[in-house]
Each structure stands twice: as C-alpha cells, then as structure tokens.
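Scroll down for the structure; my scribbles are underneath it.
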Amino acid sequence: MATEAKTPELIVSVSPHVRGDETVGRIMWTVNLSLLPAFIMSVYYFGPLAAYVTGLCIVTSVLFEHFYQVSLKKKSTIGDGSAFLTGLLLGLNLPPSVPFYIPVVGSLVAIIITKLLFGGLGYNIFNPALIGRAFLLISFPKLMTIWSEPTAQFVALDAKTTATPLGILKEGGIAKLVEVFGDKTDLYMNLLMGSRAGSLGETSVIALLIGAALLMYRGYITWHIPFSFLATVGVMAWALGGDSGFFTGDPLIHLLSGGLILGAFFMATDYVTCPSIRKGQIIFGIGCGAITMMIRLKGGFPEGVMFAILLMNCFAPLIDRSVKARMFGAIKEKKEQKK
Amino acid sequence: MDWTKLFELVVSSALINNFVFTMFLGLCIFFGVSKKMETAVGMSITFTMVMVVSAALSWVVYQFIMKPLDLTFLKIIVFIGIVAAFVQSADTIMKKVSPSLYYKLGVYLALITTNCIIIAVPLKNAGEHYNFFESMAFALGSGIGFGLALIIMASIREKLEVADVPAPFRGLPISFIIAGLIALAFTGFSGLITL
Numbered sequence: 190m191a192t193e194a195k196t197p198e199l200i201v202s203v204s205p206h207v208r209g210d211e212t213v214g215r216i217m218w219t220v221n222l223s224l225l226p227a228f229i230m231s232v233y234y235f236g237p238l239a240a241y242v243t244g245l246c247i248v249t250s251v252l253f254e255h256f257y258q259v260s261l262k263k264k265s266t267i268g269d270g271s272a273f274l275t276g277l278l279l280g281l282n283l284p285p286s287v288p289f290y291i292p293v294v295g296s297l298v299a300i301i302i303t304k305l306l307f308g309g310l311g312y313n314i315f316n317p318a319l320i321g322r323a324f325l326l327i328s329f330p331k332l333m334t335i336w337s338e339p340t341a342q343f344v345a346l347d348a349k350t351t352a353t354p355l356g357i358l359k360e361g362g363i364a365k366l367v368e369v370f371g372d373k374t375d376l377y378m379n380l381l382m383g384s385r386a387g388s389l390g391e392t393s394v395i396a397l398l399i400g401a402a403l404l405m406y407r408g409y410i411t412w413h414i415p416f417s418f419l420a421t422v423g424v425m426a427w428a429l430g431g432d433s434g435f436f437t438g439d440p441l442i443h444l445l446s447g448g449l450i451l452g453a454f455f456m457a458t459d460y461v462t463c464p465s466i467r468k469g470q471i472i473f474g475i476g477c478g479a480i481t482m483m484i485r486l487k488g489g490f491p492e493g494v495m496f497a498i499l500l501m502n503c504f505a506p507l508i509d510r511s512v513k514a515r516m517f518g519a520i521k522e523k524k525e526q527k528k
Numbered sequence: 224m225d226w227t228k229l230f231e232l233v234v235s236s237a238l239i240n241n242f243v244f245t246m247f248l249g250l251c252i253f254f255g256v257s258k259k260m261e262t263a264v265g266m267s268i269t270f271t272m273v274m275v276v277s278a279a280l281s282w283v284v285y286q287f288i289m290k291p292l293d294l295t296f297l298k299i300i301v302f303i304g305i306v307a308a309f310v311q312s313a314d315t316i317m318k319k320v321s322p323s324l325y326y327k328l329g330v331y332l333a334l335i336t337t338n339c340i341i342i343a344v345p346l347k348n349a350g351e352h353y354n355f356f357e358s359m360a361f362a363l364g365s366g367i368g369f370g371l372a373l374i375i376m377a378s379i380r381e382k383l384e385v386a387d388v389p390a391p392f393r394g395l396p397i398s399f400i401i402a403g404l405i406a407l408a409f410t411g412f413s414g415l416i417t418l
C-alpha cells in the first residue's frame with residue numbers, strides 16, 4: 190500500500206455547497222400524504238367510525254408529544270409530522286370498532302414510552318406505532334380482535350362482526366376461505382380492493398400500493414426492504430403453506446392478506462428502526478418475511494407482520510454492526526494485496 | 224434419539240421461551256454485562272459453556288445418586304452446590320492451565336454462580352424428566368438464548384449511548400424499558416412450538 194500513490198479518502202470541495210431542500214418534515218408529510226388513499230378506502234369500507242378512530246389516534250399522538258416536550262421545556266417538534274404519522278399508522282392498524290380509550294392508550298405507549306423516552310425522533314429502537322398496537326393487542330386481546338365486515342355504505346351504524354381472511358385460514362383452511370368469498374377470483378379481487386375484514390388501513394392493497402409508488406418515486410423508500418420482505422413471504426407461503434405437501438401453497442393469499450403490504454412498505458422501512466446499510470436492509474427484510482410466515486403458519490397468532498417487524502427492530506442495531514458499510518469511494522482490496 | 228425433539232428443544236429454549244424475555248430470569252447479569260458488546264460476547268460464550276457442563280453434572284448426580292437414594296427433595300441445594308463447585312474449580316484450573324483465557328473470561332465466571340438461569344435449567348431438566356441428550360439440548364438452547372439476549376441488548380444500548388434520553392431514565396431505567404419492549408416483541412413467538 191505504501192508504494193502506491195496515496196489516494197484521497199474523502200473529497201470535500203470548497204464551498205458553496207448545494208443545499209438540498211429535503212427536510213425531515215417534508216419526508217414525514219409526504220409519507221402522511223401517501224397514506225391518504227388507504228385512509229379514504231378505510232372510510233369507504235368501514236364508515237365514519239374509521240375516520241373517528243384514526244383521527245383520535247392522530248390528535249392524541251400529537252398532543253402527547255406536544256405536552257411532553259413543553260413540560261420538559263424542550264422545543265415542540267410536532268410540526269415535523271412524525272407524531273402525526275405515528276398516530277395515523279396506529280389508527281390504520283386498529284380494528285374499526287374500538288372504544289375511545291384504546292387509541293388514547295395506544296398513542297400514549299407509542300409516543301411517550303417508545304419514542305420520547307428514548308430521546309425523540311431518530312433514537313427510538315422500535316417502530317412506535319407497532320409497539321402501541323402490540324401493547325394494545327396483549328393488553329386488550331378481546332377488543333383488539335373484533336373485526337367488522339366491510340359494508341361499503343357510508344352510514345353503517347350496526348356493523349356485523351366477522352373473521353379476517355387470515356383468521357379464517359388459520360381456523361378452517363384454504364377451502365373455507367374460498368367458500369366464504371365465493372370463488373378464487375372473487376377472493377383475490379376482494380383482497381386487492383380491500384373489501385374484507387381487518388385493521389382499518391391494511392385492507393386495501395391497491396390504495397396502499399399507490400402510496401408506496403409515490404414514496405418510491407420520490408426516493409424516500411428503496412426496494413430493498415419491501416421486496417425482500419414480500420419475496421420471502423411469497424416463497425415461504427408457496428413452499429410451506431400448502432395443505433398437500435411442499436410447494437403447493439398459495440402465495441397470493443398470503444401476500445394480499447393481513448397487514449403485509451402496509452407493514453412492508455410503510456412500517457418496516459421506517460428510517461430510524463431499520464438498518465441503514467443496503468445489505469443489512471435485505472437481511473432485515475428476509476428476517477421479517479421469515480418470522481411473519483413462521484407465526485402465520487405455526488404460531489399462536491393469525492397474523493405475524495407486526496411481531497416480525499418488532500423482532501427485527503431488536504436486531505437492527507446488531508445487523509448494522511455486523512454488516513459494515515464500505516467506505517465511500519473505497520475500492521475492494523484483493524486478498525493477495527494485503528501485505 | 225429423536226432429532227426433531229432435540230432441535231425443537233434448542234429453538235424453543237433459545238427463542239420462543241427465551242429465559243430473559245419470557246420468564247425474566249437472570250436479569251442481574253443481563254443488565255450488568257450488556258453495557259458493552261465486548262463483555263456481552265465474552266459472557267455469552269462463558270455462560271453457554273458453564274451452562275452445558277453444569278447441566279450435565281447435575282443430570283448425572285440427579286439420576287444416579289439422588290434418585291436411587293430418594294433424595295430428590297434436596298435438589299435445589301445440591302444443584303447450587305454442584306454449580307458453585309464446578310465454577311470454582313473451573314476458575315482455578317483455568318488460572319493454572321490457560322492464564323490468557325482466564326483473563327478474558329475469568330471475570331464472568333464468578334458472576335455466573337449467582338445467575339438464576341444456571342439453577343433453573345437443571346431444575347427444569349429434573350422436573351420434566353428429560354433424558355441426557357434432551358437435557359443437553361435444553362441447556363445449550365438456554366445458553367444460546369441468554370447469549371442472544373445479551374448481544375441484542377448490548378447492541379441497542381451502545382446505539383443509545385448518544386441518544387438524548389431524559390436524565391432520570393439514563394442507564395438502567397431505559398434498559399428496563401428496552402427489555403420490556405423486546406419482551407413485548409417476543410410474545411409474537413408464543414405458541415410456535417408447544418413441547
């Protein structure tokens with residue numbers, strides 16, 4: 190090495206530097222905007238109740254953050270939209286008919302315990318909205334699993350309760366699921382449009398994909414996490430999910446149902462809680478997919494996306510440590526050149 | 224030998240019924256040693272080795288001495304004695320035979336004697352009537368699970384070094400919160416393998 194001409198390790202040109210106009214606030218508000226289609230579809234399918242639950246989550250999240258920061262004499266950061274996003278995601282992850290205290294408790298856990306106690310945005314280890322939901326699911330298991338039927342009427346006062354597709358799949362197998370929805374094409378169409386029971390924002394795959402496309406177009410999320418996540422789920426569902434031996438499963442049902450699309454594009458890709466190195470992100474996505482399918486196929490819960498992302502959140506700092514980034518501009522050394 | 228059963232025992236004790244995150248055992252070492260990655264890794268290796276050997280010793284004593292003599296009611300005292308005697312002798316032997324290894328891992332040995340997982344595993348082996356290989360698988364899995372918990376925790380705590388955690392929560396309190404949140408995530412594994 191010493192004989193070679195010393196190449197500069199880091200090139201910093203003299204000023205002026207171009208100042209990018211991306212800010213945390215701008216990214217967060219764009220993510221909020223990208224969830225708008227999913228929110229509209231949730232109101233369309235589950236009625237004004239959906240808007241009420243989601244709105245309550247957003248309002249309480251923002252208020253908790255504001256009061257915490259004001260009472261600690263810090264600068265209130267509610268303007269950057271991250272508390273709004275946490276509330277929105279939490280709301281979209283709740284079942285339609287929850288009593289008012291569920292969103293409030295969820296927001297409290299998400300904002301205060303998961304985010305602000307760790308030092309605020311940028312330091313939280315776990316995705317706040319998911320911790321909020323996991324906390325609610327463990328604490329109020331009954332209330333958190335009452336799913337209403339999507340009525341597609343704007344005023345639906347007496348919602349009928351039913352099971353989610355994954356719940357049906359777990360209880361009665363795939364034949365039962367197809368029977369409930371008519372035939373297979375109907376099943377896929379309903380899953381794609383979102384006419385099924387489930388958490389508010391997770392049902393409409395098409396609306397979520399529109400939002401995800403916006404984020405990918407703007408470059409706010411990259412393909413690494415969502416695609417490795419989805420691919421792992423698809424392959425595992427195909428290989429292990431069948432009733433009659435290996436490689437007979439139906440990957441489409443698993444890909445379209447549950448909170449997979451919402452989780453893969455909007456929650457697993459959270460900048461703060463996922464690894465920041467590309468290679469690490471792929472490992473993260475594969476891990477999420479594998480744990481999701483393990484829980485869906487063998488576990489005690491019908492849906493595993495939330496737990497999978499949270500579990501991989503625990504591992505994210507470890508992944509980041511073990512997959513060291515290549516120094517910017519460094520060229521891979523060949524082995525024999527060393528010494 | 225039933226390989227699936229052994230595999231399930233390892234996975235279940237390491238992940239699904241992780242001692243730290245589902246039963247909250249061994250927390251003193253867990254919080255004490257997880258401040259730095261280096262000590263966490265050293266502890267995990269030492270702990271797993273001690274775990275397996277002491278579980279094997281306890282199993283032999285339990286099956287061939289205590290059971291024939293009808294002394295099973297003494298198992299807590301006897302197991303504590305076995306662990307303590309083994310750790311102390313390992314400490315002394317290591318100091319003589321391999322001083323370099325002793326300086327790396329020796330500090331952890333004394334701590335391990337007071338750990339609750341190290342006594343929980345032989346007790347559980349005795350209670351569940353595991354045979355020798357099953358006991359070994361269970362001990363190995365528990366050791367790996369504890370090591371995994373330590374390493375995850377160390378990586379998170381090192382990341383939090385620079386975080387603006389409110390002053391009253393710095394250090395141990397925030398670690399307890401992290402452990403609670405990780406435990407929340409680990410509930411997702413519940414029901415995955417029922418033994």
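Protein chains in written order, with my numbering: chain A, 190 to 528; chain B, 224 to 418.
Beta carbons are placed, not taken as given, at the ideal position from N, Cα and C, and that holds for glycine.
Pick out whichever of the options has its Cα sitting closest to the Cα of residue i.
i                 : options                                : result
Gly370 of chain B : B:Lys298, B:Phe270, B:Leu250, B:Val301 : B:Phe270
Gln311 of chain B : B:Ile299, B:Lys298, B:Tyr325           : B:Tyr325
Val294 of chain A : A:Leu325, A:Phe315, A:Leu306, A:Thr303 : A:Leu325
Pro389 of chain B : A:Tyr234, A:Thr411, A:Ile301           : A:Ile301
Tyr333 of chain A : A:Thr481, A:Phe436, A:Ala323           : Checking the sequence shown, residue 333 of chain A turns out to be Met, not Tyr. The shortest C-alpha separation from Met333 of chain A is found at A:Ala323.
Ala237 of chain B : B:Ser378, B:Ala377, B:Met359           : B:Met359
Pro317 of chain A : A:Phe289, A:Thr303, A:Ala426           : A:Thr303
Gln470 of chain A : A:Phe235, A:Trp412, A:Val213, A:Ser204 : A:Trp412
Nearest chain A C-beta to residue i closer than 8 Å, yes or no?
i                 : result
Phe230 of chain B : no
Asp171 of chain B : Outside the displayed range of chain B (224 to 418) lies residue 171 of chain B, so it cannot be described from this structure.
Ser235 of chain B : no
Ser398 of chain B : no
Ala386 of chain B : yes
Phe392 of chain B : yes
Lys258 of chain B : no
Asn241 of chain B : no
Would you call the CB atoms of residue i and residue j closer than 8 Å?
i                 : j                 : result
Asn282 of chain A : Gly390 of chain A : yes
Ala343 of chain B : Lys298 of chain B : no
Gly268 of chain A : Cys246 of chain A : no
Leu404 of chain B : Ser257 of chain B : no
Val394 of chain A : Leu445 of chain A : yes
Val234 of chain B : Leu363 of chain B : no
Cys339 of chain B : Leu248 of chain B : yes
Arg485 of chain A : Leu319 of chain A : no
Leu328 of chain B : Gly368 of chain B : no
Thr353 of chain A : Pro491 of chain A : yes
Ile341 of chain B : Val284 of chain B : no
Val251 of chain A : Ala272 of chain A : yes
Would you mind reading off the limits of the alpha helix (DSSP H) that contains residue i?
i                 : result
Val293 of chain A : 290–296
Leu334 of chain B : 322–336
Tyr241 of chain A : 237–260
Phe242 of chain B : 242–246
Phe399 of chain B : 395–409
His206 of chain A : Neither: His206 of chain A is in no alpha helix (DSSP H) and is coded neither H nor E.
Phe230 of chain B : 226–234
Met405 of chain A : 394–407
His352 of chain B : Where His352 of chain B is concerned, there is no enclosing alpha helix (DSSP H), given that its DSSP letter is neither H nor E.
Val273 of chain B : 260–284
Arg385 of chain A : Segment: none, Arg385 of chain A is in no alpha helix (DSSP H) and carries neither H nor E.
Would you say residue i faces chain B, with C-beta separation under 8 Å as the test?
i                 : result
Arg215 of chain A : no
Pro205 of chain A : no
Ala345 of chain A : Bear in mind that a pLDDT of 49 at Ala345 of chain A, under 50, signals an unreliable position, so the model cannot answer this.
Cys503 of chain A : yes
Met483 of chain A : yes
Phe253 of chain A : no
Arg322 of chain A : no
Pro330 of chain A : no
Gly309 of chain A : yes
Ile314 of chain A : yes
Ile532 of chain A : Nothing about residue 532 of chain A can be read from this structure; chain A reaches only from 190 to 528.
Gly493 of chain A : yes
Gln526 of chain A : In this prediction, Gln526 of chain A scores a pLDDT of 46, lower than 50, which makes its location untrustworthy; the coordinate-derived value is nonetheless stated afterwards. No, its Cβ sits nowhere closer than 8 Å to a Cβ of chain B.
Met190 of chain A : Since pLDDT at Met190 of chain A reaches only 40, below the 50 mark, its modelled position is unreliable, and the value read off the structure follows with that caveat. Output row for Met190 of chain A: interface = no.
Leu261 of chain A : yes
Leu507 of chain A : yes
Ile327 of chain A : yes
Output, in chain order, the set of chain B residues within a Cβ distance shorter than 7 Å of residue i.
i                 : result
Arg510 of chain A : Ser378
Whose Cβ in chain A lies nearer than 9 Å to the Cβ of residue i?
i                 : result
Phe412 of chain B : Ile480, Met483, Ile484, Gly488, Gly489, Phe496, Leu500
For a contact defined as C-beta to C-beta under 8 Å, what are the partners of residue i on chain A?
i                 : result
Leu415 of chain B : Met483, Ile484, Lys487, Gly488, Gly489
So which residues of chain B does residue i contact, with C-beta pairs closer than 8 Å?
i                 : result
Thr303 of chain A : Leu404
Can you list the residues of chain A that residue i reaches, using a CB-CB cut of under 7 Å?
i                 : result
Ile268 of chain B : Simply none; closest approach about 16 Å.
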